[in-house]
Every structure is written in C-alpha cells, then in structure tokens.
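See below for the structure under consideration.
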Amino acid sequence: MNAHFFATCAPGLEPVLHEEVKRLRLGKHERQVGGVAFQGRMEDAWRANLELRTAVRVLMRIARFPAKDADALHRGASDVDWSRFLSADGSLVVHGHAKDSVIDHSLFVAQRVKDAVCDQFRAREGKRPDVDKHDPDLRLVAHLSRNRCTLLVDTSGSSLHKRGWRKFQGRAPLAETLAAAMVLRSGWDGRAPLIDPFCGSGTILVEAAHIAGDVAPGLARASFAFERLPGFRADRWQRMREDAKKRARFPSKLTLFGSDRSEDALEGARENLASAGVADRVELRRQDALAFPAKPNWNAWIVTNPPYGERVGEVDRLWPLYRELGDRLRAECAGYHLALLSGNEKLAKALRLDDLERLAWKNGAIDCELLVGELAGEPAAPEPPSR
Ligand SMILES: C[S@@+](CC[C@H](N)C(=O)[O-])C[C@H]1O[C@@H](n2cnc3c(N)ncnc32)[C@H](O)[C@@H]1O
Numbered sequence: 026m027n028a029h030f031f032a033t034c035a036p037g038l039e040p041v042l043h044e045e046v047k048r049l050r051l052g053k054h055e056r057q058v059g060g061v062a063f064q065g066r067m068e069d070a071w072r073a074n075l076e077l078r079t080a081v082r083v084l085m086r087i088a089r090f091p092a093k094d095a096d097a098l099h100r101g102a103s104d105v106d107w108s109r110f111l112s113a114d115g116s117l118v119v120h121g122h123a124k125d126s127v128i129d130h131s132l133f134v135a136q137r138v139k140d141a142v143c144d145q146f147r148a149r150e151g152k153r154p155d156v157d158k159h160d161p162d163l164r165l166v167a168h169l170s171r172n173r174c175t176l177l178v179d180t181s182g183s184s185l186h187k188r189g190w191r192k193f194q195g196r197a198p199l200a201e202t203l204a205a206a207m208v209l210r211s212g213w214d215g216r217a218p219l220i221d222p223f224c225g226s227g228t229i230l231v232e233a234a235h236i237a238g239d240v241a242p243g244l245a246r247a248s249f250a251f252e253r254l255p256g257f258r259a260d261r262w263q264r265m266r267e268d269a270k271k272r273a274r275f276p277s278k279l280t281l282f283g284s285d286r287s288e289d290a291l292e293g294a295r296e297n298l299a300s301a302g303v304a305d306r307v308e309l310r311r312q313d314a315l316a317f318p319a320k321p322n323w324n325a326w327i328v329t330n331p332p333y334g335e336r337v338g339e340v341d342r343l344w345p346l347y348r349e350l351g352d353r354l355r356a357e358c359a360g361y362h363l364a365l366l367s368g369n370e371k372l373a374k375a376l377r378l379d380d381l382e383r384l385a386w387k388n389g390a391i392d393c394e395l396l397v398g399e400l401a402g403e404p405a406a407p408e409p410p411s412r
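For what it's worth, my numbering labels the leading residue of the sequence shown as 26, then goes sequentially.
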C-alpha cells in the first residue's frame, strides 16, 4: 500500500521543489504551503532523500485524528501500532507543533505523544523506549492544527542541506538547499557558463557542478533516519546508491567560475570543492566582484548572493557596491541571465534591475528576494528623489 509523504522546504521554494518531485516521477504529488506531498512506497522516500536538492526533510504521515484535549491526543497516538516503527530497546524524540488549537503548547503536544508511545510499550512488554534528543532511532513530528493532530515519521534525520561535503563554513554560507534552488530557478541548462562573483565558501558552485553532472545530492551523506526504521533493507539501499553513482556524468565542456575578494573564503571554497569531488570543474580567482571580465554577447548565467549587511551601518557601506554592480550588469552583461539573492530591500533597489522577476524567499530567518531573469541592458530608470 502507498504511504503519504511530505517533503518540506524553505518558504518560497515550493514551486522549485515541486518541479524536482515531478522530475523524479514521485506519485500523486501536490504542492502545498511549506512543501510538496507525494505518495509511494518506502523506497520512494529513500529516493526522495537521496535525490531532492531543495527539500529539507521527507516526512511520512502515519496518523491523523481529532485532538481537542490532552486525552484525545493520547488516545489518537495510542491507536498507532508503534512496534511498526520502534522497539522497546530503542530511542525516540518527538517534535511538537501547535497552532489554532485548544492545546496551544508545542512541548505539551510532544510530551503527550511521547507518553502514548511509551505507555503502549510498557503495557505490552513491560519496558519502554528511551528519549534521545540527539541520535534517536525514531524521530516523530506531531503537528496539531485546528484541533487535528497529524503524526509523521521523519525519514531524513538531520536537515538535508547537510550533504556531507562541506568542510569550510565561512562567515555566511548559504544553505545547500537554497543554493541549489537558486541554480534550478535561474533556468540554467547545466551547460552554459555559470559565474558566482561573490562565491564565499563555494556553495552555489558545488551545487551547480552537481546539477550539471547529475550527482545526487545525498550521495556523500553519512546517514538518513530511514536506515534505522524496522524493515530497512540495506542491500536495496546500497543498490540505489550505486545506481545513482553510476549515473553521474559531467559535460565535457563546463565553465564554472567563482571569485571573491577574500583569500580565506577562496581557501575554504577550494576545500569544499575538493571534498565535493568537483575541484577540477571550477575555476576560482581572487577578484573584486566589480572587476570580473564580462564578455559581450555571452550566454552566461550569474548566480550569486552578495553580502547583505545585517549589522548597523553596513547597508550604507554596501550601497555603492550594489549601485555599481547594477550599472555594470546593465552596461556589460545584456543577454546574461541573473539569479541574485538579496537579504536587504534597500540594497536590492540600489541595483536598479527593475525588469527582473522578484521572488520572496527566506534565508534562515532573513526575508530575502531572489531577483531572477534575463538582463535587458537598458539604462536605469531615473534616480528616485532619495535613497
Ligand atoms: C553572503 S557571502 C556569500 C556566501 C556564499 N554564497 C557561500 O555560500 O559561502 C558574500 C561574499 O562576498 C564577498 N565579498 C564582499 N564584497 C565583495 C566584493 N566587492 N567583491 C568580491 N567579493 C566580495 C565576501 O568575502 C563574502 O565571501
């Protein structure tokens, strides 16, 4: 029988994730707020974990029931046969969420569901699983909304942005899932030159190289939560990974170019590219973003996230960089494609790239805009009266 899964993603990324889910041919998919639902067998969830570049987690729905009060919550959770997911010697953690419900305390939701699981084991076997917040055998999500509780098993474990290749963090690394979403949403074909002039730790370049080479994003990850669920077949999983490895192939001519003005960042990017197996696919150079050599009529993609300036005073300091960058992009990069993630509205406006599409995304807690589209090369609109 098919199970119901939900792949979660960062706000705004749902359409990109939905395209990925369709490309993987996962069954009965539907875009929803916060992610994409699909149906399939457990092995489809393995594949989703291995292959989806923009998903944060893949959850499996195991129960849904009305829960107006604490007793109803306990009763509903007790109706699940927990031996399907865990043994009395194992460990679990429950993450609770509550909104628009009589019970409005997330911790209480988690506690009640955990009690129901443990009470069932104790009644049946005289012993109960432990709670382990860090490395549990079973990760449960209990979602209470409008007095209905949904119980989900987390098949991923730690967030899927943790691909396993990152050695160097840098000051403000982009989440791998977000970097992949930028590349995918930019419409890059995996063949044309791709440039990141503010490359930092190289996240966008690694994700782009993996997209071009059809390298599954989960191949280097140490483990997934589904490996600890009862019934897991290590031999089949190994075969799925081997098939994905065999599939990877880089195009013979691939121009990926990254630059940054910080030597430390470039050193870190080199480490990351090497660990991701793509060091020889990417050219790195120490260079100011305003000095990158643009070629006329180049069918190139610029995918980048410049510094945002979160601290006081930084936005004013960065404003001239954005203004000049916008001028250069208009004057010298007409016909190029741009996907630029900006975490500051004032700075995004300074670019004066008004023809581009603007998508509301989030980078962690920061509200961002992705400016995306083909650069027109037209003169900027007249200066607003004040900046
Ligand atoms: C937000 S970070 C980019 C993070 C990167 N996407 C990553 O995942 O690590 C911005 C980067 O721009 C670089 N930078 C700032 N001003 C620059 C300039 N004028 N030219 C080139 N690089 C610059 C910083 O050194 C920093 O590495």
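Note that beta-carbon positions come from the ideal geometry of N, C-alpha and C, so glycine has one too.
Predicted model, so just to flag it, every value in this text is computed and none were measured.
Around the CB of Leu315, fewer than 16 other CB atoms lie within 10 Å, so the residue is classed as exposed. Within the stretch 66–106, the complete alpha helix (DSSP H) segments at least 4 residues long are 67–76, 95–103, listed from N- to C-terminus. By the criterion of at least three beta-carbon pairs nearer than 8 Å, the stretch 173–185 is in contact with the stretch 80–96. Residue ranges of uninterrupted alpha helix (DSSP H) with 4 or more members, entirely inside the stretch 119–191 and ordered along the chain, are 131–150. With contacts defined by Cβ atoms closer than 9 Å, Ala102 and Val142 form a contacting pair. Contact check for His122 against Ser131 passes: the beta carbons are separated by less than 9 Å. Distances from the CB of Pro318 to the heavy atoms of ligand 1 are all 8 Å or more. Counting only residues of its own chain and dropping the five nearest sequence neighbours on each side, Ala217 has a CB closer than 7 Å to the CB of Asn324, Ala325, Trp326. Contact annotation, Glu76 with Ala241: C-beta distance approximately 5 Å; criterion of less than 8 Å satisfied. Looking only at Leu279, Phe317, Arg286, Lys47, the smallest Cα-Cα distance to Ala304 is reached by Leu279. According to DSSP, residue pairing for Ala364 in a beta bridge involves Val328, Val397.
Rounded to the nearest angstrom, the Cβ distance from Pro154 to Val118 is 10 Å, too far for a contact under 8 Å.
Contact check for Gly302 against Pro276 fails: the beta carbons are separated by 9 Å or more. The residues Glu232, Ala233, Ile236, Val328, in chain order, have a CB closer than 6 Å to that of Val208 in the same chain once the five nearest residues on each side in sequence are set aside.
In this structure, the beta-carbon distance from Val105 to Asn172 does not fall below 9 Å. Not one heavy atom of ligand 1 lies closer than 8 Å to the C-beta of Cys174. The beta carbon of Trp107 sits closer than 7 Å to those of Val142, Gln145, Phe146, all from its chain and outside the five residues before and after it, given in chain order.
In the structure shown, the three-state DSSP call for Asp379 is coil. Under DSSP, Ala28 shares a beta bridge with Gly65.
The residue among Phe249, Gly243, Met67, Ala250 with its C-alpha nearest the C-alpha of Asp268 is Gly243. CA-to-CA, the gap between Val138 and Arg253 works out to about 20 Å.
In the same chain as Ala290, and ignoring 5 residues on each side of it, the C-beta atoms closer than 6 Å to its own belong to Gly195, Gly225, in chain order. With contacts defined by Cβ atoms closer than 9 Å, Gln64 and Ala97 do not form a contacting pair.
Judged by pairs of C-beta atoms under 8 Å, the stretch 34–51 touches the stretch 380–389, as three or more such pairs exist. Going by DSSP, Lys270 is part of no beta strand (DSSP E) but of the alpha helix (DSSP H) stretching over 259–272.
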